[in-house]
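Trainee: Residue numbers (this note's numbering): 200 to 537.
Cβ coordinates follow ideal geometry from the N, Cα and C atoms, glycine included.
The structure follows.
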C-alpha cells in the first residue's frame, strides 16, 4: 500500500491522509487504498516522513510502552521530533562525566579523535574507490587527505575553543579535497560539482536526506548509551541543537551515506526532485537503501574484532564513547575498511 513500507524492524510511513492507530497489539496503518496491520512486538522504530499523517494518542502511548522509537522527519530527512520512554536511561553518571570532560584534556582528545576518524574514513574510502575505478589521481588525493588526518595528531593541546578552530580548519581542507574527488566519479548528468547543503542537484539533495536519516540513527544510539545528545565537543553548543549527534555523525557519514549514494548514482539510480526537495517516492527509496546498508557487515581498521553490521557499529561506538567518558579514557573512533 502507498502509505507504508516495512523495512527490517522499522516501519516507514508516508503520504497525505494516512492514519495510524493500534488494535489488539497491532499497529494499524490506513490510507485510501486500504489498511495494513503490523504486530507491535515486531516493531523497533516508526518513522513518519510527511506532514499529512495522523496518529492517535493511544498509539503513541502503546508504542512507548513497547519501547518503540517514534521519529518525525522534516522534508530534508532531519529528525525534528522523537518519542521514547522517559526511563530509557535512568543513570546520570555518564552524563555528568560527559559535561565534566568538556573542561579537561579528555574533551580536547575527543575533538581530535572524532575529526581524525572522519578524515581518515574519507581517505580510506577514496583509496578503495580508486582501486575500483582504477584512477591513480584519486589515490593521490586520498594520500593527501591521510596526511591531513595525521596532521590532526600533531596539534598541541590548548583551550578547547581554540583547539576546535584548528581542528575544523584541517577538517575543512580535507573536505574540499574529498568532495572535489567524488565529483569526478559521479555521472555528469547528475550535475554534482561539490558539496553544498543548499545545492539543487540530485546528489546534494540526496545527501541531505541521507544525513538526516543518519542523525536519527545516531541520536537513538547516543540516548541508549546514556549520553546527552545536546552536549557536544567538536561542534559549538547552540540552543536546541543536538551537537553531540552532530559530532557522532561525522564518524559515519562516509560509510552510511556517501558511499551508498555514490554506488547508487553510479549504478544508474536517480531521484525525483520537486522545488528543491525529494519527492515522496524517492524519500522512501533512500530510506529503504539506507536501512539495508545499516544491516550490511563492515570491518574496521582500528578494532580487533570480527565484522559487524553498521547498525551494530553505531550502537557499539556510542557505548564505547560513554565508557571512555565514564572512565576518563581516550576514545578512538572507527575507521572502516574498503
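Please state whether DSSP places residue 518 in a helix, a strand or coil.
Mentor: Position 319 of the chain shown, counting from 1, holds the residue named residue 518. The answer is helix: DSSP assigns residue 518 an H, G or I state.
Trainee: If you check the beta carbons only, do residue 318 and residue 373 fall under 7 Å apart?
Mentor: By one-based count along the chain shown, residue 318 stands at place 119. By one-based count along the chain shown, residue 373 stands at place 174. Yes, these two residues count as a Cβ contact at 7 Å.
Trainee: Would you call the segment 494-501 in contact with the segment 406-418, where contact means no fewer than 3 C-beta pairs closer than 8 Å?
Mentor: At 8 Å Cβ cutoff, the stretches do not touch.
Trainee: Below 8 Å, can you find three or more Cβ-Cβ pairs linking the segment 339-347 to the segment 302-316?
Mentor: no
Trainee: From residue 422 to residue 282, what does the alpha carbon distance come to, in whole angstroms?
Mentor: Along the chain shown, read from residue 1 onward, the residue named residue 422 stands at position 223. Along the chain shown, read from residue 1 onward, the residue named residue 282 stands at position 83. Distance between the alpha carbons of residue 422 and residue 282 is about 12 Å.
Trainee: Using the beta-carbon count (16 or more within 10 Å), is residue 331 buried or exposed?
Mentor: Sequence index remark: in the chain shown, residue 331 carries index 132 (1-based). Residue 331 is exposed by the Cβ-count criterion.
Trainee: Roughly how far, in whole angstroms, is the beta-carbon of residue 513 from the beta-carbon of residue 536, given that I think they are within contact range, below 8 Å?
Mentor: The residue labelled residue 513 in the question sits at position 314 within the chain shown. The residue labelled residue 536 in the question sits at position 337 within the chain shown. Contact flag wrong, Cβ pair sits at about 17 Å.
Trainee: Please work out which residues of its chain come closer than 6 Å, Cβ to Cβ, to residue 204, disregarding the five sequence neighbours upstream and downstream, and give them in chain order.
Mentor: Looking up residue 204 in the chain shown gives position 5. Caution applies to residue 204, whose pLDDT of 46 falls short of 50 and renders its modelled position unreliable; the model cannot decide the point.
Trainee: Assign residue 336 to one of two classes, buried (16 or more other C-beta atoms within 10 Å of its C-beta) or exposed (fewer than that).
Mentor: By 1-based counting over the chain shown, the position of residue 336 is 137. That one is exposed.
Trainee: Kindly indicate the opening and closing residues of the alpha helix (DSSP H) around residue 409.
Mentor: Counting from 1 along the chain shown, the entry for residue 409 is found at position 210. Note, residue 409: alpha helix (DSSP H), 401-423.
Trainee: Assuming contact is defined by CB atoms lying nearer than 7 Å, are residue 414 and residue 444 in contact in what I supplied?
Mentor: The count along the chain shown starts at 1 and reaches residue 414 at position 215. The count along the chain shown starts at 1 and reaches residue 444 at position 245. The answer is yes: Cβ separation under 7 Å.
Trainee: Could you check if residue 258 is buried or exposed, using at least 16 other CB atoms within 10 Å of its CB as the buried criterion?
Mentor: Taking the chain shown and counting its residues from 1, the one referred to as residue 258 is at position 59. So residue 258 ends up on the buried side.
Trainee: Label residue 363 either buried or exposed according to how many other C-beta atoms from any shown protein chain fall within 10 Å of its C-beta, with 16 as the threshold for buried.
Mentor: Counting from 1 along the chain shown, the entry for residue 363 is found at position 164. It counts as buried.
Trainee: Looking at C-beta atoms only, is the number of pairs between the segment 265-280 and the segment 232-248 that lie closer than 8 Å three or more?
Mentor: yes
Trainee: According to the neighbour-count rule (16 or more other Cβ atoms, all chains shown, within 10 Å of its Cβ), is residue 215 buried or exposed?
Mentor: Taking the first residue of the chain shown as 1, we reach residue 215 at position 16. If you draw a 10 Å sphere on the C-beta of residue 215, you find fewer than 16 other C-beta atoms in it, and that means exposed.
Trainee: Beta carbon of residue 476, beta carbon of residue 274: below 7 Å?
Mentor: For the purposes of this step, residue 476 is identified with residue 277 of the chain shown, where counting begins at 1. For the purposes of this step, residue 274 is identified with residue 75 of the chain shown, where counting begins at 1. In this structure, residue 476 places its C-beta atom within 7 Å of the C-beta atom of residue 274.
Trainee: On a CA-only basis, which of 474, 238, 240 and 534 is nearest residue 506? Give me that one, please.
Mentor: Position 307 of the chain shown, counted from the first residue, corresponds to residue 506. The shortest C-alpha to C-alpha distance from residue 506 to any of 474, 238, 240 and 534 is the one to 534.
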